[in-house]
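Visitor: The structure under discussion is supplied below as structure tokens; questions concerning it will follow.
Residue numbers (my numbering), protein chains in the order written: chain B, -3 to 343; chain L, 291 to 592.
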């Protein structure tokens, strides 16, 4: 890796007694789509605000492209932010909003107009430049916010739950759209740092992601690595459903979709990669059904099964049945137990 | 006992019938809500204004001092041709404008501090400080200023104390400017505060994020969003000054008459028609002022 575009070294930030970011180390490579994933209050947004310069760290160092910016205010930093609720200036038109950064930097009027037109084309808002933000839909405002940040060709684009205010359908569309835009601007070399609490969003969009919990980074890796090889119980539980098995005094996790479920023939098999139990709960979700199984040896496992040949009544009828659960040995991943301190201070 | 219970039940059902009837007829609900204010507005307010306009076109019989109900433009002709009235109108409007600008300049930083910087305790304290003068009579405060600005008043006493000559402000237009700016300041601070307080923090963050320093953010984001508040405040300061006659009478000098003072004189003579004619001038000026404000987009909701 060359000089990383973003580098955090031992960054700490507290508000009074509450430690929002507790010693975070991160490196984001140039051009990467990097996601900060975590539950609310886990410190991911504060980390983003520290990179943007809206907050100053109590300890640690923040570098952008090798330059120490820890003590710098937001305006000289070569980053731009897409805010969660967009923060579009209501008294300016779409074009004026987008042109704001260029105008502040003294880009000549002609070039400004060209660049605004170009970026509005990329976010598919061509022709809406004269509208006021209040005349746009949520998805359109989202694109304006994106355009306003990207038109400056920042080294790093910071996105704070940019799709959080949109409904599910629009969000899924915008996820694809955002990836398309990221590819479109990759030649310019914009690095994306993306904050979300939505694990599915993080898995679909990121090149790499960092899982946050209680102000600390639990794991950094590619989506596949984080999903398939979670390092501890928190990551296993937050990225995907929590399926924790205690065996021989060790902790394993098995993804719900990796478990084969069949009727229990009554033959107790002496197999490490199987368990018997009784279905306690059935949640029918259209495309698939989620079964919660109480294990005979204690504990529970969630099993997800596609409704390939099962109707909803059949699925719901399974409640109370005895079942045999099996999985491939390599799909049971050993995880470290969750850190103790997580339980003391859940913020 | 049973009778009481029955009476209660029938009362409840009568109430239900009434509220259901109202629910079915929204216009009736609206009529009940607005009847009193509309009546007062139409009769008391518009009625008074209309009678003012009408009487401006009447005349006074110079012999009997009785009002002659004959339509004439004589009052307006006198106003147009007599330079004294032009001068008085100019002075009134000029001072109202000066007071408005002064209050806007003074109120903005104060309101900004209150709305965006001050911790809650400070904010509460400043609110009290801004509003406190309004709890005492307007007359008392003007008399207070009279004693401050008087030849042997507090101001000159302080100035002489540190070896400076008298300020000589008593009974001048400058004195009026100071006093007006003081008495109307709260009316500017409050709307500007309300406008500034409504600006979300992340607009300012977005501006900084896009490369703007503080002064640029102030000019391009904060000030434009505060304009509706400043205009609202200026409507107060401008119109209150425009219609005042007490401050000119108490702290103004020989050449400090306002439109209001002339109107008061004429009412006392009595020459109600001429007073009415002159009184339409501030109404028209205010109308023009509101039109300009609207043209500038001050009333557009953002």
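For glycine and all other residues, C-beta sits at the position ideal for the given N, C-alpha and C.
My guess is that residue 46 of chain B and residue 35 of chain B are in contact by the Cβ rule of under 8 Å, so how many angstroms apart are they, rounded?
Guide: Incorrect: roughly 19 Å between the Cβ atoms, too far for contact.
Visitor: Rounded to the nearest angstrom, how far is the Cβ of residue 106 of chain B from that of residue 98 of chain B, given a contact under 8 Å?
Guide: Not confirmed; about 11 Å, so no contact.
Visitor: At 7 Å on the CB atoms, spell out the chain B contacts of residue 511 of chain L, in chain order.
Guide: The answer, in chain order, is 85.
Visitor: Output yes or no for whether 8 Å exceeds the beta carbon distance between residue 269 of chain B and residue 322 of chain B.
Guide: For residue 269 of chain B and residue 322 of chain B, yes; Cβs fall inside 8 Å.
Visitor: Could you tell me the distance, in whole angstroms, from the CA atom of residue 357 of chain L to the CA atom of residue 564 of chain L?
Guide: Whole-angstrom Cα-Cα distance: 11 Å.
Visitor: Alpha carbon to alpha carbon, what distance is there between residue 415 of chain L and residue 233 of chain B?
Guide: Approximately 50 Å, taken between the alpha carbons.
Visitor: What are the boundary residues of the alpha helix (DSSP H) that residue 393 of chain L is part of?
Guide: Unbroken alpha helix (DSSP H) run through residue 393 of chain L: 373 to 402.
Visitor: Return the first residue and the last residue of the alpha helix (DSSP H) that residue 168 of chain B is part of.
Guide: Unbroken alpha helix (DSSP H) run through residue 168 of chain B: 164 to 181.
Visitor: Please list the residues of the stretch 490 to 506 of chain L that have a C-beta atom closer than 8 Å to any C-beta atom in chain B, keeping them in chain order.
Guide: For the stretch 490 to 506 of chain L, which is checked against every Cβ of chain B, the residues closer than 8 Å are 490, 492, 493, 495, 496, 497, 498, 499, 500, 501, 502, 503, 506.
Visitor: Under 8 Å, with one C-beta from each stretch per pair, do the stretch 132 to 147 of chain B and the stretch 73 to 86 of chain B reach the 3-pair mark?
Guide: In short, these stretches touch, since the Cβ pair count reaches three.
Visitor: How is residue 33 of chain B classed by DSSP in three states: helix, strand or coil?
Guide: Strand.
Visitor: What residues of chain C sit near residue 97 of chain B, judged by a beta carbon separation below 7 Å?
Guide: Protein chains in the displayed structure are B and L, and chain C is not among them.
Visitor: Counting only runs of 4+ residues fully inside the stretch 76 to 113 of chain B, write out the alpha helix (DSSP H) ranges in chain order.
Guide: Whole alpha helix (DSSP H) segments, 4+ residues: 90 to 100.
Visitor: Please confirm whether residue 282 of chain L has its beta-carbon closer than 8 Å to some beta-carbon of chain B.
Guide: Given that chain L is displayed from residue 291 to residue 592, the structure contains no residue 282 of chain L and the question cannot be resolved.
Visitor: Could you work out which residues of chain B lie near residue 514 of chain L, taking near to mean beta carbons separated by less than 7 Å?
Guide: Result: 87.
Visitor: For a test of the three-state rule: what should DSSP assign to residue 188 of chain B, helix, strand or coil?
Guide: Strand, per DSSP.
Visitor: How big is the Cα-Cα spacing for residue 215 of chain B and residue 480 of chain L?
Guide: The straight-line gap from Cα to Cα measures roughly 51 Å.
Visitor: Classify residue 447 of chain L: buried if its beta carbon has 16 or more other beta carbons within 10 angstroms, exposed otherwise.
Guide: Exposed.
Visitor: Are the stretch 25 to 35 of chain B and the stretch 189 to 207 of chain B touching, with three or more C-beta to C-beta distances below 8 Å?
Guide: The stretch 25 to 35 of chain B vs the stretch 189 to 207 of chain B: in contact.
Visitor: Would you say the stretch 483 to 496 of chain L touches the stretch 544 to 555 of chain L, given that touching needs at least three Cβ pairs under 8 Å?
Guide: The stretch 483 to 496 of chain L vs the stretch 544 to 555 of chain L: no contact.
Visitor: Per DSSP, residue 272 of chain B is paired with what?
Guide: Answer by DSSP bridge pairing, in chain order: B/320.
Visitor: Looking at the strands, I want to know which residues DSSP matches up with residue 254 of chain B.
Guide: Paired residues: none, contrary to the question.
Visitor: Secondary structure at residue 555 of chain L, three-state DSSP: helix, strand or coil?
Guide: Note: residue 555 of chain L maps to helix in three-state DSSP.
Visitor: The alpha helix (DSSP H) that contains residue 446 of chain L, what's its start and end?
Guide: 444 to 451 is the extent of the alpha helix (DSSP H) around residue 446 of chain L.
Visitor: Give the DSSP-derived three-state secondary structure of residue 545 of chain L in the structure shown.
Guide: Coil at residue 545 of chain L, not helix or strand.
Visitor: Starting from residue 512 of chain L, trace the beta strand (DSSP E) in both directions and tell me its first and last residue.
Guide: Note, residue 512 of chain L: premise wrong, no beta strand (DSSP E); not H, not E.
Visitor: Can you tell me the Cα-Cα spacing of residue 4 of chain B and residue 38 of chain B, whole angstroms?
Guide: Each residue's alpha carbon lies about 17 Å from the other.
Visitor: Exposed or buried, residue 426 of chain L, counting other C-beta atoms within 10 Å across all chains shown (16 or more means buried)?
Guide: Exposed: under 16 other Cβ atoms inside 10 Å.
Visitor: By a C-beta neighbour count over all protein chains shown, 10 Å radius and 16 as the cutoff for buried, is residue 151 of chain B buried or exposed?
Guide: That one is buried.
Visitor: May I ask which residues mark the beginning and end of the beta strand (DSSP E) holding residue 459 of chain L?
Guide: Segment: none, residue 459 of chain L is in no beta strand (DSSP E) and carries neither H nor E.
Visitor: Could you check whether the Cβ of residue 101 of chain B sits closer than 8 Å to any Cβ belonging to chain L?
Guide: Closer than 8 Å to some Cβ of chain L, the Cβ of residue 101 of chain B qualifies, so yes.
Visitor: With distance defined between alpha-carbon atoms, name the residue in B/168, B/249, B/95 nearest to residue 238 of chain B.
Guide: Nearest of B/168, B/249, B/95 to residue 238 of chain B, Cα basis: B/249.
Visitor: Say whether chain L places a C-beta atom closer than 8 Å to the C-beta of residue 76 of chain B.
Guide: Yes, contact with chain L.
Visitor: Rank B/135, B/246, B/176 by C-alpha distance to the C-alpha of residue 162 of chain B and give the top, closest one.
Guide: Cα-wise, what sits closest to residue 162 of chain B is B/135.
Visitor: Is residue 302 of chain B buried or exposed, if buried means 16 or more other CB atoms sit within 10 Å of its CB?
Guide: Counting Cβ neighbours within 10 Å, residue 302 of chain B comes out exposed, since fewer than 16 surround it.
Visitor: Thinking C-beta only, is residue 159 of chain B closer than 8 Å to residue 188 of chain B?
Guide: Taking 8 Å as the Cβ cut-off, residue 188 of chain B and residue 159 of chain B do not qualify as a contacting pair.
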